[in-house]
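In what follows, a structure is listed as structure tokens, so that the remarks can point back to it.
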Amino acid sequence: MQRRYPLTVISGLGIPWTEDYELDERLLREEIRGLLERGLKHIYVFGTGGEGYAVTDEQYEEIVAIFAEEMKKTESYPMAGLISLSYNTIIKRIKIAIKYGIKDFLMAMPSWGALNDEEMRRFFVDVCGSFPDCRFLNYNLPRAKRVITPEEFESLAKEIPNLVGAKFCSKDMFVVRNMSENQSGLTFFVNEIALIHGNWLGECGLLSSVGNINIKKTLEFFDATINGDLPTALKLGKELAGVHRGLSLCCSKGRMDGAYDKLYAKLINPEFPLRLLPPYTGFTEEEFESFRLYIKNNYPDWLEPQSRY
């Protein structure tokens, strides 16, 4: 089977906002450079963690321009997220990103109402078909009000050659099995908890989330998993699960994804702000400090030396 997109690690950016909810350009550039320097090559902007659902078109272009400029400075594969209720806005934002040299996209379905079978097919055919020189991954999550099955992805892949993969963070191990065994040529990206299971049964890429607190160890975990080094994979996977447990112990429930991404970014750079665009709220400084101390006391090796803590 020939893969349409590499079996690799992808990760998203959190967006740093000032007290006036303007972009903090310096911190954004530092964040991008830091991820690249620590070994990530496939980075996306404007997933849920990057508040792609909340930004204006003007903010979208401002941030994409900076993102593309920084990513061009080294060998990398920048990807722009597409989250909107409007088909026309999605098309507009693709054109904005292309203007700055970005050709890879992470695309969610419009979600005010769940798409039926024909509407789903038409959406993918029309968007992907309008930009044949670009590559599209689907952001496949319940917020879209319809989760696409591995079997449906196989059908879409036969018709759409530049549909190349999906972010598919299911907790259902039977679904993970069906993804990992899929023969469509698409690359499915799962979270840290599902990675070992998915690669035991087949092949999956990794969507790094909490693993961003230590990219070197997360890349080691990914390499061990796909290369069959089970003792190392299990050791690091167990540690990551323990780090993840700290979120439920130290942080309040019901936050948007970006609140978590900003916790991880602040563990690398203490200047990184925790705020989200309104009306959403991030974690408090007290919650961050509780989470930091939990990691320091229980998993100190997961605090990077350059994290300034």
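Counting with this note's numbering, you get residues 6 to 314 for the letters of the sequence shown.
Ideal Cβ placement from N, Cα and C applies to all residues, glycine included.
Answer yes if the segment 222-238 comes into contact with the segment 179-194, meaning at least three C-beta pairs across the two stretches below 8 Å, and no otherwise.
no
Residue 43 versus residue 271 - alpha carbon distance
Mapped onto the sequence shown, residue 43 falls at position 38. Mapped onto the sequence shown, residue 271 falls at position 266. Whole-angstrom Cα-Cα distance: 16 Å.
Pick out the complete beta strand (DSSP E) segments inside the segment 28-58, 3 residues or longer, and give them in chain order.
47-50
My assumption, with CB atoms under 8 Å, is that residue 216 sits in contact with residue 193. Please give the rounded CB distance.
Looking up residue 216 in the sequence shown gives position 211. Looking up residue 193 in the sequence shown gives position 188. In fact, because the Cβ distance is near 17 Å, the residues do not count as touching under 8 Å.
Would you mind sorting residue 233 into buried or exposed? The rule is 16 or more other CB atoms within 10 Å of its CB.
Start at 1 with the first residue of the sequence shown, and residue 233 comes out as number 228. With fewer than 16 Cβ atoms within 10 Å of its Cβ, residue 233 is classed as exposed.
Can residue 48 and residue 15 be called in contact, C-beta distance under 9 Å?
The residue labelled residue 48 in the question sits at position 43 within the sequence shown. The residue labelled residue 15 in the question sits at position 10 within the sequence shown. It is a contact, given that the beta carbons lie within the stated cut-off.
Three-state secondary structure (DSSP) at residue 1?
Only positions 6 to 314 of the chain appear in the structure, and residue 1 is not among them; the question remains open.
Backbone CA spacing between residue 73 and residue 107 [nearest angstrom]:
Residue 73 sits at position 68 when you count from the first residue of the sequence shown. Residue 107 sits at position 102 when you count from the first residue of the sequence shown. If I take the Cα positions, the gap works out to 7 Å.
So the candidates are 278, 35, 159, 274; which of them puts its Cα closest to the Cα of residue 168?
The residue labelled residue 168 in the question sits at position 163 within the sequence shown. Among 278, 35, 159, 274, the Cα nearest to that of residue 168 belongs to 159.
What three-state label does DSSP hand residue 15 in the structure shown?
Your numbering for residue 15 matches position 10 in the sequence shown. The answer is strand: DSSP assigns residue 15 an E or B state.
Who does residue 143 pair with in a DSSP beta bridge?
Numbered from its first residue, the sequence shown carries residue 143 at position 138. BP columns for residue 143 point to 112, 171.
Going by DSSP, what residue range makes up the beta strand (DSSP E) through residue 81?
Taking the sequence shown and counting its residues from 1, the one referred to as residue 81 is at position 76. Note, residue 81: premise wrong, no beta strand (DSSP E); not H, not E.
Return the Cβ separation of residue 111 and residue 150 in integer angstroms, given the expectation that the two are a contact with Cβ distance under 8 Å.
Counting from one through the sequence shown, the residue named residue 111 turns up at place 106. Counting from one through the sequence shown, the residue named residue 150 turns up at place 145. In fact, because the Cβ distance is near 18 Å, the residues do not count as touching under 8 Å.
What first and last residue would you give for the alpha helix (DSSP H) that runs through residue 253?
Counted from its first residue, the sequence shown places residue 253 at position 248. Unbroken alpha helix (DSSP H) run through residue 253: 235-255.
Top-ranked residue by Cα proximity to residue 123, from 157, 90, 93:
Taking the sequence shown and counting its residues from 1, the one referred to as residue 123 is at position 118. Of 157, 90, 93, the residue nearest in Cα terms is 157.
What is the rounded straight-line gap between the Cα of residue 90 and the Cα of residue 268?
What you label residue 90 is simply residue 85 of the sequence shown in a count that begins at 1. What you label residue 268 is simply residue 263 of the sequence shown in a count that begins at 1. Using only the alpha carbons, I get a separation of about 28 Å.
Confirm the yes/no value for this check: CB of residue 131, any heavy atom of the ligand SAH, distance under 8 Å.
You won't find the ligand SAH in this model; it holds no ligand whatsoever.
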